[in-house]
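For reference, the structure is listed below as structure tokens.
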Ligand code: 5AD
Ligand code: SF4
């Protein structure tokens, strides 16, 4: 037997929380002697970190598992694990449908991964989808330096909102906030390793209510405390619910220069009837009023949202109301999805919209969003903006980074820019990125 390190291949589906979790799982397996590989063919273990938010994402997991069969046949010792929200929602079913799967680990149990892998070596097929009381991150090893200037940091998990279409309250469980001290410690260590930008993650991140030194802190207070860390230059957070935009968080957007002028604040629909059916607990007018208050605090903020096309009961007028709201807010970015019924959610019981109508509405949403995105990018030309450079671009001498407003920016420079935060004058706007020159 050789002592060569074992190789782990992780495929990540879905949201940024999964990206963060995959990194932490890689670190947990690193303590067991595993190193990462991009190539499943050379892996000793393959982990699929899955997403259950829409049907397509969940079904992809089963087809990808099928595609791993030849690898397992070629290398019988290959271990295959399913993690994340599909694991959480249908762990037993995965084990039944897919005999090649060796372990299933739900979204709250990653700290147990090493012992579960050890169990597979004894021929067991462990499934752990419990919601434990302890903080899984507490049990995971310290994060190594990645060389990247940006990092995610999970501050909150789970959701208590129960939007009628959404599986998150079931797959990620009730809202749990990590204590302030742990978050500050993790942030401090990231900054010491060269991180300049931290994105705070949570399924309902602005619902953060963590234990601080003097009682419970909201996200606004946490942001202000993080901003005191020297060397940390930029703070972002995602994803937020309109009803949890507390006054002090809105104020922080005006008062705290490290808090970047970009906010993803999903509204889902512009029609009050649909918002009600979605169990969103706010109207379109209340959302617009909230946007006004946020813009009063930070006039240049770039706003982004998610929209669902063809939610059960959506009429043509409701759809037009959504288009009108998108136009009125003038989102600089947004995502739109065709409604996908999720088993166990209230909306899945209701009669759906004709799929062709839903497709057409989705295209109309996307066309409008694309136009607004281009307009907001074009408005950047001639302006000066901060850019944090993340990596070399495709062309020689080219570097790519993100503007304060989270737009991709390309710059050409003789000296390497990786990790540099610099002022750039925007000179051109392309379909999905901006070009600029260093000042
Ligand atoms: N169908 C379509 N889109 C959905 N989303 C969540 N659940 C569904 C569903 N069942 C969208 C919402 C959410 C985003 C992450 O995914 O817009 O904000
Ligand atoms: Fe899902 Fe977001 Fe609604 Fe929570 S607030 S139920 S995560 S869509």
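Numbering (the UniProt record's numbering), first residue to last: 1 to 439. Beta carbons: idealized from backbone N, C-alpha and C, even for Gly.
Can you name the start and end residues of the beta strand (DSSP E) that residue i belongs to?
i, result
"residue 381", "First-last for residue 381: undefined, no H or E at that position."
"residue 398", "398-403"
"residue 453", "Missing from the structure shown is residue 453; the chain here goes from 1 to 439 and no further."
"residue 215", "215-217"
"residue 150", "150-154"
"residue 200", "197-201"
Specify the secondary structure class of residue i as computed by DSSP and reduced to three states.
i, result
"residue 258", "coil"
"residue 269", "coil"
"residue 392", "strand"
"residue 236", "strand"
"residue 39", "coil"
"residue 305", "strand"
"residue 424", "strand"
"residue 437", "strand"
"residue 374", "helix"
"residue 412", "strand"
"residue 179", "coil"
"residue 291", "helix"
"residue 188", "helix"
"residue 386", "strand"
"residue 241", "coil"
"residue 23", "helix"
"residue 193", "coil"
"residue 157", "strand"
"residue 1", "In this predicted model, residue 1 has a pLDDT of only 45, less than 50, meaning its place in the structure is not dependable; the value taken from the coordinates is given anyway. Three-state DSSP puts residue 1 in coil, outside helix and strand."
"residue 341", "coil"
"residue 17", "helix"
Name the DSSP bridge partner or partners of residue i?
i, result
"residue 83", "49 and 105"
"residue 128", "105"
"residue 91", "Partner(s): none; residue 91 has no beta bridge."
"residue 284", "In the DSSP output, where bridge partners are listed per residue, residue 284 has none listed."
"residue 429", "434"
"residue 210", "217"
"residue 12", "49"
"residue 264", "304"
"residue 62", "DSSP, once it has assigned bridges, lists no residue as partnering residue 62."
"residue 276", "Beta-bridge pairing links residue 276 to no other residue."
"residue 34", "6"
Let me confirm a value: residue i is counted as buried when at least 16 other C-beta atoms fall within 10 Å, else exposed. Which label applies?
i, result
"residue 63", "exposed"
"residue 141", "exposed"
"residue 174", "exposed"
"residue 1", "With a pLDDT of 45 at residue 1, under the threshold of 50, the modelled position of that residue is not reliable, and the figure given next carries that caveat. So residue 1 ends up on the exposed side."
"residue 437", "exposed"
"residue 97", "exposed"
"residue 178", "buried"
"residue 18", "buried"
"residue 330", "exposed"
"residue 434", "buried"
"residue 312", "buried"
"residue 100", "exposed"
"residue 169", "buried"
"residue 132", "exposed"
At a Cβ threshold of 7 Å, is residue i touching chain D?
i, result
"residue 202", "In the structure shown, chain D cannot be found, because there is only a single protein chain."
Tell me whether the beta-carbon of residue i lies closer than 7 Å to the beta-carbon of residue j.
i, j, result
"residue 199", "residue 165", "no"
"residue 386", "residue 404", "yes"
"residue 442", "residue 77", "Residue 442 lies beyond the stretch modelled for the chain, which goes from 1 to 439, so this question has no answer here."
"residue 129", "residue 156", "no"
"residue 37", "residue 28", "no"
"residue 163", "residue 25", "no"
"residue 187", "residue 220", "no"
"residue 263", "residue 307", "no"
"residue 250", "residue 294", "yes"
"residue 398", "residue 412", "yes"
"residue 338", "residue 358", "yes"
"residue 429", "residue 373", "no"
"residue 515", "residue 49", "Residue 515 cannot be examined here, being either before or after the span of the chain that is shown, 1 to 439."
"residue 314", "residue 274", "yes"
"residue 160", "residue 206", "no"
"residue 401", "residue 409", "yes"
"residue 242", "residue 290", "yes"
"residue 51", "residue 14", "yes"
"residue 309", "residue 361", "yes"
For the alpha helix (DSSP H) containing residue i, list its first residue and its last residue.
i, result
"residue 71", "69-74"
"residue 116", "113-121"
"residue 170", "168-171"
"residue 486", "Residue 486 lies beyond the stretch modelled for the chain, which goes from 1 to 439, so this question has no answer here."
For residue i, verify whether its CB is less than 6 Å away from any heavy atom of the ligand GDP.
i, result
"residue 51", "Among the ligands present in this structure, namely the ligand 5AD and the ligand SF4, the ligand GDP is not found."
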